[in-house]
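Student: Take a look at this one; I'll ask things after.
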Amino acid sequence: MFSRILVPTDFSEPSDMALEHARVLATKFGSTLHLLHVLDVSHMNMSFGTEVFTSEAPDLETRSYEDAKANLTSRATPADRARFDVTTEIVKGLTAKSITEAAEARHMDLIVMGTHGRGGVAHLLIGSVAETVVRTAPCPVLTVRDARERVEVPAVARAAF
0 MFSRILVPTD FSEPSDMALE HARVLATKFG STLHLLHVLD VSHMNMSFGT EVFTSEAPDL
60 ETRSYEDAKA NLTSRATPAD RARFDVTTEI VKGLTAKSIT EAAEARHMDL IVMGTHGRGG
120 VAHLLIGSVA ETVVRTAPCP VLTVRDARER VEVPAVARAA F
């Protein structure tokens, strides 16, 4: 059913939980896993004025790439690589768009990704990468939220169901 699973990661706990879910699905369906990290370099090229010191964008970009490479390597264990034929990739671009483009270009059957579950003002200001991916992906998307951040439904509301 799902032979190729894309797992975008920002190296957060929800992303790590999504990878765990993807491993379970890959075991069940005999799928391959493709781990993807997007370097959103749009903020790296900003200038804040002449009186503010910022590091050179190429240096920051190089460090970000090297950090991402190390993080991907640590998440794709040798056992995973053998069992799930894991591949890893780092791309530059806008996060949601890069994820959906990668899914389409690599003919992925499923995207499994973490979500931070922001709501209210944070969601309004920051937006949701997961929400955008769900709306624009060329394949099904499974979002995984960190269970510890789950909002408890009041007992009164639960009784109504």
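Counting from 0, one number per residue, gives the positions in the sequence shown under numbering that gives the first Met the number 0.
A virtual CB, placed ideally from N, CA and C, is assigned to each residue, including glycine.
(1) With DSSP collapsed to three states, give me the class of H33.
(2) Between which residues of its own chain and H122 is the CB-CB distance below 7 Å, once the five residues before and five after are set aside?
(3) Would you call the segment 96-111 and the segment 70-83 touching, i.e. three or more CB-CB distances under 8 Å?
(4) Going residue by residue through the segment 50-106, where are the continuous beta strand (DSSP E) segments of at least 3 residues, counting only ones entirely within it?
(5) Whose C-alpha, out of R105, I98, A136 and T131, is nearest the C-alpha of S8?
(6) Which residue's Cα is closest to the Cα of N62: T76, L38 and R80?
(7) If you reduce the DSSP assignment to three classes, tell me which class P7 lands in.
(8) Name, in chain order, the residues that DSSP records as bridge partners for M112.
(9) Identify the continuous alpha helix (DSSP H) that holds S2 and give its terminal residues.
(10) From the DSSP output, which residues share a beta bridge with L38?
(11) Assign P77 to buried or exposed, taking buried as 16 or more other Cβ atoms, counted over all protein chains shown, within 10 Å of its Cβ.
(12) Going by the beta-carbon positions, is the gap between S2 and T31 smaller than 8 Å?
Tutor: Taking the coordinates as given:
(1) Within the sequence shown, the letter at position 34 stands for residue 33. Correct three-state label for H33: strand.
(2) By one-based count along the sequence shown, residue 122 stands at place 123. Confidence is the limiting factor: at H122 the pLDDT is only 48, short of 50, which leaves the residue's position unreliable and the question unanswerable from this model.
(3) With the cut-off at 8 Å, the segment 96-111 and the segment 70-83 do not touch.
(4) Inside the segment 50-106, DSSP marks whole beta strand (DSSP E) runs of 3 or more residues at positions 86-91, from first to last along the chain.
(5) Reading the sequence shown from its first residue, position 9 is the one you call residue 8. Looking at the sequence shown, residue 8 is not Ser but Thr. Out of R105, I98, A136 and T131, I98 has the C-alpha closest to the C-alpha of T8.
(6) As a working note, residue 62 is residue 63 in the sequence shown. Checking the sequence, you will find Arg at residue 62 rather than Asn. Closest by C-alpha distance to R62, out of T76, L38 and R80, is L38.
(7) Stepping through the sequence shown from its first residue, residue 7 is reached at position 8. Reduced to three states, the DSSP call for P7 is strand.
(8) For the purposes of this step, residue 112 is taken as the residue at position 113 of the sequence shown. Bridge partners of M112: T142.
(9) Start at 1 with the first residue of the sequence shown, and residue 2 comes out as number 3. Looking at the DSSP string, S2 is not in any alpha helix (DSSP H), and its letter there is neither H nor E.
(10) The sequence position of residue 38 within the sequence shown is 39, counting from 1. BP columns for L38 point to K91.
(11) As a working mapping, residue 77 is identified with position 78 in the sequence shown. With fewer than 16 Cβ atoms within 10 Å of its Cβ, P77 is classed as exposed.
(12) The residue labelled residue 2 in the question sits at position 3 within the sequence shown. The residue labelled residue 31 in the question sits at position 32 within the sequence shown. Judged by their CB atoms, S2 and T31 are nearer to each other than the 8 Å cut-off.
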